[in-house]
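Protein chains in written order, with the numbering used here: chain A, 1117 to 1432; chain B, 56 to 343.
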């Protein structure tokens, strides 16, 4: 079900690729040098409010052209491909406003039709999409009578009904309570993994991106300051923690001679550095052996997205 | 023995769509149809149907009355009442009300409810969107600017009071279509221009009505009190399209100026209104 149909061309290696993109609104520089390759899967687009996330989504849809630089989405230049590209993209806007007096299914069907689906197919798929997001029983209800959580689900149905290759979700959990948020995140993860639709999820909530995304892109001051796979965060850049019984000062000195950065909190050593985690472990072992110290515990520190964000944004 | 089934489908799954996708013209047709449904209150609660139904019915009352008279009175008396060009004056109120109701409904509401952003994230461009919306508004206006006159022509023809000969019938039909077109295009652009300037439907509706009334009052005050030349009456936006229509039907013009001035003024106003719409939508933000 999630495999590409026979005869469909091989997808490009990156879903989205930006190289040196600049964008200004008048004198306000939004992007000074946006460079990133976003691979397939679910990608979280992180950045504080006003960092240009929504502007970037607009550029990916071909609604704004970059002032300079190259941008491709699904292998095409959005400014050139325009409508042909947007036909393959699903978009869920940040706002919760939707036409209040239209039934959810009528709205979803209409949007599916303007994305090129024949009426019969649009009718079936709009119903299926609403069932999928948990609004099957509510599909005939006017959108205006729905809660914020339900409207967020209608927006998700709007984005997926026409079977896009890429979905752009702008703050899809905004306004949801914790239970609704969990449900929405689970649904987004499912769409990204089971259905094979690539997702770019704009958010300012680190925790939700960490929960469901395969990749993360962090925007700050008009630049991409980090772009990597989430699972890379868990493979050592956070350093190690060692607990030793004695000779703390000598061990610290030995470690520092080996290029490690050590912060001692009594017998607990927080060890960092640029080395890969395997080399770091070897250096720690050698420093402890050199001083005949007793090692009680040695463990890698898993870096969280919050650590990464703070490191990259504030250099902490 | 009856079998009881408790089976339910909880997950209808997700299917990929590998079929053909239609082009931009189908997308525009979908917006056109959807907009007309919305304008006429179709698939919406009854309260949304009241204004369009009443204003459209208002435009048919004179036609029904004329046809009733034609059926009941001797033909030599009825002949005096056949005045197609004059019919445009009778439908001016319903045309104005329908424009004031439908124009903002089709444009302002889309912006207020975020639908404009959703349309712009689809294959449609701003131009496609505006053309589809303008066509929808003009089509709805045809229900008061064109169909009643066609109904009248058909009715008169059936009772033997229609134009004599095929050529005359076609000529009158052409004038009726052109007249409906002139009035619909004018009111469409007026409605769209007002709706471009505000997201508030009520403000846009009031703006449309006030523009017509204020321009009429201003032009007539200047003409009567200040004794400015007749050309000042071209600023009366309520009469400007009607004057062109009267000239089309070769009846006496409303504004006593040469034809080129009247047509030029109409074209100029249409250009200004179109510029407001295009300019407004070009600079409108979708995402920023």
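Cβ atoms here follow ideal geometry from the backbone N, Cα and C, with glycine treated the same way.
So, residue i versus residue j, is the Cβ gap smaller than 9 Å?
i	j	result
residue 1242 of chain A	residue 1197 of chain A	no
residue 267 of chain B	residue 245 of chain B	yes
residue 1249 of chain A	residue 1187 of chain A	no
residue 1195 of chain A	residue 1259 of chain A	no
residue 1300 of chain A	residue 1355 of chain A	no
residue 1142 of chain A	residue 1184 of chain A	no
residue 175 of chain B	residue 181 of chain B	yes
residue 1201 of chain A	residue 1174 of chain A	no
residue 1244 of chain A	residue 142 of chain B	no
residue 1366 of chain A	residue 1409 of chain A	yes
residue 310 of chain B	residue 286 of chain B	yes
residue 1283 of chain A	residue 1328 of chain A	no
residue 125 of chain B	residue 214 of chain B	yes
residue 1268 of chain A	residue 1291 of chain A	yes
residue 179 of chain B	residue 1230 of chain A	yes
residue 237 of chain B	residue 296 of chain B	yes
Note down the Cα distance separating residue i from residue j, rounded to an integer number of angstroms.
i	j	result
residue 1160 of chain A	residue 294 of chain B	58 Å
residue 330 of chain B	residue 337 of chain B	10 Å
residue 1212 of chain A	residue 270 of chain B	39 Å
residue 114 of chain B	residue 197 of chain B	11 Å
residue 144 of chain B	residue 1274 of chain A	45 Å
residue 1119 of chain A	residue 1233 of chain A	In this prediction, residue 1119 of chain A scores a pLDDT of 42, lower than 50, which makes its location untrustworthy; no coordinate-derived value is stated.
residue 1330 of chain A	residue 248 of chain B	47 Å
residue 1121 of chain A	residue 1210 of chain A	Only weak support is given to the placement of residue 1121 of chain A: the predicted model assigns it a pLDDT of 46, under 50, and the question is left unresolved by the model.
residue 288 of chain B	residue 152 of chain B	22 Å
residue 305 of chain B	residue 227 of chain B	11 Å
residue 95 of chain B	residue 1256 of chain A	20 Å
residue 1426 of chain A	residue 1342 of chain A	11 Å
residue 218 of chain B	residue 225 of chain B	9 Å
residue 1138 of chain A	residue 1338 of chain A	8 Å
residue 1281 of chain A	residue 79 of chain B	19 Å
residue 184 of chain B	residue 86 of chain B	8 Å
residue 314 of chain B	residue 302 of chain B	8 Å
residue 1393 of chain A	residue 1348 of chain A	12 Å
residue 120 of chain B	residue 291 of chain B	29 Å
Does any residue of chain B bring its CB to less than 9 Å from the CB of residue i?
i	result
residue 1117 of chain A	Caution applies to residue 1117 of chain A, whose pLDDT of 38 falls short of 50 and renders its modelled position unreliable; the model cannot decide the point.
residue 1311 of chain A	yes
residue 1234 of chain A	yes
residue 1202 of chain A	yes
residue 1214 of chain A	yes
residue 1248 of chain A	yes
residue 1230 of chain A	yes
residue 1135 of chain A	no
residue 1209 of chain A	yes
residue 1219 of chain A	yes
residue 1174 of chain A	yes
residue 1314 of chain A	no
Is there a C-beta anywhere in chain A that falls below 9 Å from the one on residue i?
i	result
residue 250 of chain B	no
residue 86 of chain B	yes
residue 79 of chain B	yes
residue 336 of chain B	no
residue 95 of chain B	no
residue 158 of chain B	no
residue 203 of chain B	no
residue 180 of chain B	yes
residue 164 of chain B	yes
residue 294 of chain B	no
residue 195 of chain B	no
Any idea what DSSP makes of residue i, helix, strand or coil?
i	result
residue 1319 of chain A	strand
residue 216 of chain B	coil
residue 1415 of chain A	strand
residue 1425 of chain A	helix
residue 1388 of chain A	strand
residue 98 of chain B	coil
residue 1359 of chain A	strand
residue 1329 of chain A	coil
residue 231 of chain B	helix
residue 226 of chain B	helix
residue 1234 of chain A	coil
residue 211 of chain B	helix
residue 1340 of chain A	strand
residue 1187 of chain A	strand
residue 1217 of chain A	coil
Is any non-hydrogen atom of the ligand ATP found closer than 8 Å to the C-beta of residue i, if you look at the structure I gave you?
i	result
residue 86 of chain B	The ligand content of the structure shown is nil, which means the ligand ATP is not present either.
Between residue i and residue j, how many whole angstroms is the CB-CB distance? I'm expecting something under 8 Å.
i	j	result
residue 195 of chain B	residue 91 of chain B	6 Å
residue 1334 of chain A	residue 1340 of chain A	7 Å
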